[in-house]
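The numbering of the sequence shown is my numbering, which starts it at 1240 and goes up by one. Down below is the structure, laid out as structure tokens.
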Amino acid sequence: MIFAVFIGVLVLCVITGVSVVVALVFGYGLFAVGAYRRGWGWRDILQMSWDGIKKAKNMVAMFLLIGTITGIWRACGTIPWIVYFSTGLIDPRFFTLCAFLLSTMMSILIGSSVGVVSTMGSVLMIVASLIGADPVITAGAVISGAYVGDRASPMSSCGRLVCELTDLDYYEIIGRWCRTAAFPFFISAAMYFFFRTSASADTTAAVAELAKTFQLPWVVALPAVVLLVLALFKVNVKVNMLVGAVLGAVLCMAVQHTGFWETLSAIFLGFHLPAEHPLATMMNGGGVISMVRPAFIVSFSSAYIGIFEKTGMLSGVEAFSEKMAQKIGTYFATLVTGFFAIGFSCNQTLAVLLANQICRKNYGDKKQLAEDLSNTVVEVAALVPWSISCSIPLAILGVGPAAVPFIFYAILSPVCQFFYRRKYSIIPPEATEVQQEATQPVTSAQ
């Protein structure tokens, strides 16, 4: 009953346009009361919540660093440089494919689907209107590329969340993520290749204003280059991002001649051009403040998980998941769970947390769990129109749910993972236990 009421409030918030945060706060109250009625004291409930929130502390730190970089990289010229020069490489005949590849490149660099959509995506939609490309298909290609970074980017908050939940280091799982992402990526690229336009235009004209607004020497690309190089050497992701933020701040003052207080403002409040500036809509944003809402959502979602773990509220759902895994297979059970978790929570973060909580007992290998979560619930979030992971990108790009069927990468990832699983089957929990027992030293009485 509690879950039904929570779902109803979520749906009401989506329909009325009220922030999903309101539903999360209301839901926390519902679940806290549910725990109290099960015999837990309020002090215990607060401790459960705090234990859950503590698990998200690394994620919150990551969010703040991501916000810092998205603000300072705008101000120092790193993102404008990437947008300006990469857009100049677009061939109008293969514009849809170029939109997918450029969005992919940006998503790997910044690891934020919303960040990609609001920067490179905005530019690509402008170019699409200039050359007569279909805006709906273009939006699908942009969102597809934006979601590649959810696994491949060291800056992906969602990727980091999966690592935290499965107790893995990013570099332990990145190889498997990239391997399973290869097939849907190349198939998506091949499909976008066939959406051609016969129109031609000077695409650099769409971003000519960038060169007037920013100083764009090659040195402003240094933070992005350093981030990728340090990632190759497996430097701690948070250290890597901190270095990128510091370099951005130095370049902001040295190259763009921004004052110290303006630089701090870009870090905390985001980068902002005057409202009348032609690039204001495209370039404004970022900063620590832009990540407060996601950090709040993650914290509340983690508080839910703390309550669920201690009170056993999800025990019935977990048992159903185990039965479903036995009948239709572990992967399909995770896929179905992920879909309903997205529909239930309306946001990617809570859906990942719920899917992990419900399905983790079905797995004997945490790497396989991380791999399946990233190929199911993480990608499905882009396909559910009432999920903020889908609705916000669509709103930014100015298109409706008609673009969802063209988000090929998110559609193909779960499909390709199924065939990948047929070749490399999962290790069931009981098999893992047998393996562990077999590797233990055997002692005998002398």
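Backbone N, C-alpha and C fix where the C-beta goes; we use that ideal spot for every residue, glycine too.
Once you ignore the five residues that flank Ile1426 on each side, which residues in its own chain have a CB closer than 8 Å to its CB?
Locating residue 1426 in the sequence shown gives position 187, counting from the first residue. Contacts found: Phe1647, Leu1651 and Cys1655.
Residue closest to Val1458, alpha-carbon to alpha-carbon, out of Ala1594, Gly1487 and Val1643
The count along the sequence shown starts at 1 and reaches residue 1458 at position 219. For the residues Ala1594, Gly1487 and Val1643, the minimum Cα distance to Val1458 belongs to Gly1487.
Phe1472 - DSSP class collapsed to helix/strand/coil:
Counting from 1 along the sequence shown, the entry for residue 1472 is found at position 233. In this structure, Phe1472 counts as coil in the three-state DSSP scheme.
Measuring only the C-alpha atoms, how far is Ala1243 from Ile1308?
By one-based count along the sequence shown, residue 1243 stands at place 4. By one-based count along the sequence shown, residue 1308 stands at place 69. Straight-line Cα distance between these residues: approximately 39 Å.
Measuring straight from C-alpha to C-alpha, what distance separates Gln1675 and Lys1605?
The sequence position of residue 1675 within the sequence shown is 436, counting from 1. The sequence position of residue 1605 within the sequence shown is 366, counting from 1. Reliability of the predicted coordinates at Gln1675 is poor, the pLDDT of 45 falling under 50, and the value obtained from them is presented with this limitation in mind. Cα to Cα, the separation comes out at about 14 Å.
So, for Leu1251: in the same chain, excluding its five sequence neighbours on each side, which residues have a beta-carbon less than 6 Å away from its beta-carbon?
For this step, residue 1251 is matched to residue 12 along the sequence shown. For Leu1251, where only same-chain residues beyond five positions count, there are no Cβ hits under 6 Å.
Please go through the same chain and pick out, in chain order, the residues whose beta-carbon is closer than 8 Å to the beta-carbon of Pro1210, but skip the five residues on each side of it.
The structure shown has nothing for residue 1210, since the chain only spans 1240 to 1685.
Can you tell me where the alpha helix (DSSP H) holding Pro1644 begins and where it ends?
Numbered from 1 along the sequence shown, position 405 holds the residue referred to as residue 1644. No alpha helix (DSSP H) holds Pro1644; DSSP gives it neither H nor E.
How do the segment 1606-1622 and the segment 1393-1410 stand: do at least 3 beta-carbon pairs fall below 8 Å, yes or no?
yes
When burial is assigned at 16 or more other CB atoms within 10 Å of the CB, is Gly1291 buried or exposed?
The sequence position of residue 1291 within the sequence shown is 52, counting from 1. Gly1291 should be labelled buried.
Backbone CA spacing between Val1556 and Val1489 [nearest angstrom]
The residue you call residue 1556 lines up with position 317 of the sequence shown. The residue you call residue 1489 lines up with position 250 of the sequence shown. Their Cα atoms are separated by approximately 51 Å.
What are the partner residues of Gly1524, as DSSP defines its beta bridges?
In the sequence shown, counting from the first residue as 1, residue 1524 sits at position 285. In DSSP, Gly1524 forms a bridge with Phe1510.
Roughly how many angstroms separate the alpha carbons of Asn1479 and Met1301, rounded to a whole number?
In the sequence shown, the residue the question calls residue 1479 occupies position 240. In the sequence shown, the residue the question calls residue 1301 occupies position 62. One C-alpha to the other measures close to 11 Å.
Starting from the Cα of Tyr1543, find the closest Cα among Gly1256, Gly1278, Ile1254 and Ala1295 and give me that residue.
By one-based count along the sequence shown, residue 1543 stands at place 304. Tyr1543 has its Cα closest to that of Ala1295, out of Gly1256, Gly1278, Ile1254 and Ala1295.
Quick check on this structure: which residue in Ala1262, Trp1500 and Gly1306 has the alpha carbon closest to the alpha carbon of Leu1481?
Numbered from its first residue, the sequence shown carries residue 1481 at position 242. Measuring from the Cα of Leu1481, the nearest candidate turns out to be Gly1306.
Closest Cα partner of Lys1600 within the set Phe1579, Phe1559 and Ser1626
Against the sequence shown, residue 1600 aligns to sequence position 361. Of Phe1579, Phe1559 and Ser1626, the residue nearest in Cα terms is Phe1559.
Apply the 10 Å Cβ neighbour rule to Ser1664 and answer buried if 16 or more other Cβ atoms are within range, or exposed otherwise.
As a position in the sequence shown, residue 1664 is number 425, starting the count at 1. Only weak support is given to the placement of Ser1664: the predicted model assigns it a pLDDT of 49, under 50, and the question is left unresolved by the model.
In chain order, each alpha helix (DSSP H) run of at least 4 residues that lies wholly inside the segment 1270-1315:
1281-1293 and 1296-1315
What would DSSP say about Met1552, mapped onto helix, strand or coil?
Position 313 of the sequence shown, counting from 1, holds the residue named residue 1552. Of the three classes helix, strand and coil, the one that applies to Met1552 here is coil, per DSSP.
Can you tell me whether Ser1664 is helix, strand or coil according to DSSP?
Locating residue 1664 in the sequence shown gives position 425, counting from the first residue. Only weak support is given to the placement of Ser1664: the predicted model assigns it a pLDDT of 49, under 50, and the value that follows is read from those uncertain coordinates. Residue state, collapsed to three classes: coil.
Would you decide whether Thr1320 is buried or exposed? Buried here means 16 or more other CB atoms lie within 10 Å of its CB.
Residue numbering aside, residue 1320 sits at position 81 when the sequence shown is read from its first letter. First, the amino acid is wrong: residue 1320 is Trp here, not Thr. Label assigned to Trp1320: buried.
Grouping DSSP H, G and I as helix and E and B as strand, with all else coil, what is Tyr1602?
On the sequence shown, position 363 is the one that residue 1602 refers to. Coil at Tyr1602, not helix or strand.
Could you check what DSSP says for Phe1434 in three-state terms: helix, strand or coil?
Position 195 of the sequence shown, counting from 1, holds the residue named residue 1434. In this structure, Phe1434 counts as coil in the three-state DSSP scheme.
If we call anything under 8 Å between Cβ atoms a contact, is Ala1274 one with Ala1338?
As a working note, residue 1274 is residue 35 in the sequence shown. As a working note, residue 1338 is residue 99 in the sequence shown. In this structure, Ala1338 does not lie closer than 8 Å to Ala1274 by Cβ.
Could you tell me how far apart the beta carbons of Leu1269 and Ala1484 are, in whole angstroms, since I believe they sit closer than 8 Å?
Within the sequence shown, the letter at position 30 stands for residue 1269. Within the sequence shown, the letter at position 245 stands for residue 1484. Not confirmed; about 39 Å, so no contact.
Limits of the alpha helix (DSSP H) - the one that Ala1385 falls within
Position 146 of the sequence shown, counted from the first residue, corresponds to residue 1385. Taken as a continuous stretch (DSSP letters only), the alpha helix (DSSP H) holding Ala1385 covers Pro1374 to Ala1391.
8 Å Cβ cutoff met for Gly1526 and Gly1310:
Start at 1 with the first residue of the sequence shown, and residue 1526 comes out as number 287. Start at 1 with the first residue of the sequence shown, and residue 1310 comes out as number 71. Against a cut-off of 8 Å, the Cβ pair of Gly1310 and Gly1526 comes out as a contact.
Can the beta-carbon of Ile1382 be found closer than 8 Å to that of Pro1331?
Along the sequence shown, one-based indexing puts residue 1382 at 143. Along the sequence shown, one-based indexing puts residue 1331 at 92. Going by C-beta atoms, Ile1382 is not nearer than 8 Å to Pro1331.
Go ahead and label Asp1406 buried or exposed: buried means 16 or more other beta carbons lie within 10 angstroms of its beta carbon, across all protein chains shown.
Walking along the sequence shown from the start, residue 1406 turns up at place 167. It is exposed - the Cβ of Asp1406 has fewer than 16 other Cβ atoms within 10 Å.
Using 8 Å as the threshold, is the segment 1623-1631 in touch with the segment 1417-1433, meaning 3 or more CB pairs across them?
no
Cα separation between Phe1499 and Thr1452?
Position 260 of the sequence shown holds residue 1499. Position 213 of the sequence shown holds residue 1452. Looking at the two C-alpha atoms, the distance is approximately 19 Å.
Below 8 Å between beta carbons: does that hold for Met1522 and Phe1510?
As a working mapping, residue 1522 is identified with position 283 in the sequence shown. As a working mapping, residue 1510 is identified with position 271 in the sequence shown. Cβ distance < 8 Å, so Met1522 and Phe1510 count as in contact.
Is the separation between the beta-carbon of Ala1641 and that of Gln1587 shorter than 8 Å?
Numbered from its first residue, the sequence shown carries residue 1641 at position 402. Numbered from its first residue, the sequence shown carries residue 1587 at position 348. Taking 8 Å as the Cβ cut-off, Ala1641 and Gln1587 do not qualify as a contacting pair.
If the criterion is Cβ atoms closer than 8 Å, does the pair Ser1352 and Ser1346 meet it?
Numbered from 1 along the sequence shown, position 113 holds the residue referred to as residue 1352. Numbered from 1 along the sequence shown, position 107 holds the residue referred to as residue 1346. Their beta carbons are under 8 Å apart, which means Ser1352 touches Ser1346 by this criterion.
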